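Please read the structure below before turning to the comments.
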Amino acid sequence: MTGPDTPPAGASRRWFVGASVVLVLALLLGAGALLAGPWTDERADAAPAETPGTARPSTSAVPGDPTGSAAATSDAVTPAEPTSDANELPRSLPAVALDDEAAVGNGVSATLVSVRAVDGSATGPGNIAGPALRVTVHLTNRTAAPVGLDLVSVDLTYGDDRLPASPLDDPSRVPFSGTLRPGGAAEGTYVFTVPADDRGVVTVSVGYQPGAPFMVFTGSVA
């Protein structure tokens, strides 16, 4: 028996079925939200698999290029930069023959135009006339910037013990000076006192700027 406020039996069943459908939909939506939650597939961020037999190119970042887009290849010439420590002696590059070209690696190179035996003249304090070698150095600037030449260093040693030769202020001496423009070349001439019988091994070292590595030439001078 039903009262005036009791809903018909059919209406109760319809309400129950509707409520059940709503509950099922809510559960499905909740499950979908969990599946689409804030997580990432680690495989999506992983590097693509390499094909067997292929090698990944090797790169190394260049200063000022964090992306590595300007990375140097393994066969590129590495520039030999000047030392940053004033107390650190510049290193010497591997020696080449007296008639070969020596290169720093940054676009600056040197050759010896000539190494000739002369009778040195004594024209300054401490200079002693006598057997000497006159060395003419040719510098080439293939960089994009000018190179100052006032502080170019040219030294000479002789003998197996590499005894330092004394510079001679001979009238034919014309040291480097001024500025070497990009793409240009210049020559400087230096004279050193070297005994006539100690020229079996002569080594000439050229530093194009303070702290720069020395370009080294070695050989015998008749």
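If you use the working numbering, the sequence shown corresponds to residues 630 to 851, in order. Quick reminder that beta carbons are idealized off the backbone N, C-alpha and C, glycines included. None of these values were measured; they are calculated from a predicted model.
Exercise. What's the C-alpha gap between valine 776 and glycine 749?
Worked result: 30 angstroms
Exercise. DSSP state of glycine 661, grouped into three classes?
Worked result: Unreliable placement is indicated for glycine 661, whose pLDDT of 47 sits below 50; no coordinate value is reported for it.
Exercise. Going by Cα to Cα distance, which pick from Tyr787, Leu768, Ala739 is closest to leucine 809?
Worked result: Closest option to leucine 809, Cα to Cα, is Leu768.
Exercise. Excluding the five sequence neighbours on either side, which residues of its own chain have a C-beta within less than 6 angstroms of the C-beta of proline 842, listed in chain order?
Worked result: Same-chain partners within the cutoff: Ala709, Pro719, Arg720, Leu722.
For this session: Classify serine 806 as helix, strand or coil using the three-state DSSP reduction.
Result: Reduced to three states, the DSSP call for serine 806 is coil.
Exercise. Applying the criterion that 16 or more other CB atoms from any shown protein chain within 10 Å of the CB defines a buried residue, is aspartate 728 buried or exposed?
Worked result: When all chains shown are included, aspartate 728 counts as exposed.
Exercise. Are methionine 844 and valine 744 closer than 9 angstroms when you measure CB to CB?
Worked result: no
Exercise. Given arginine 828, which residues of its chain have a CB within under 8 angstroms of its CB, disregarding the five upstream and five downstream residues?
Worked result: Ala746, Leu762, Tyr787, Ser849, Val850, Ala851
Problem set entry | Selected residue, minimal CA-CA separation from alanine 758, among Arg771, Pro824, Asp784 | Pro824
Exercise. Does DSSP classify arginine 771 as helix, strand or coil?
Worked result: coil
Exercise. Is glycine 777 helix, strand or coil when you go by DSSP?
Worked result: strand
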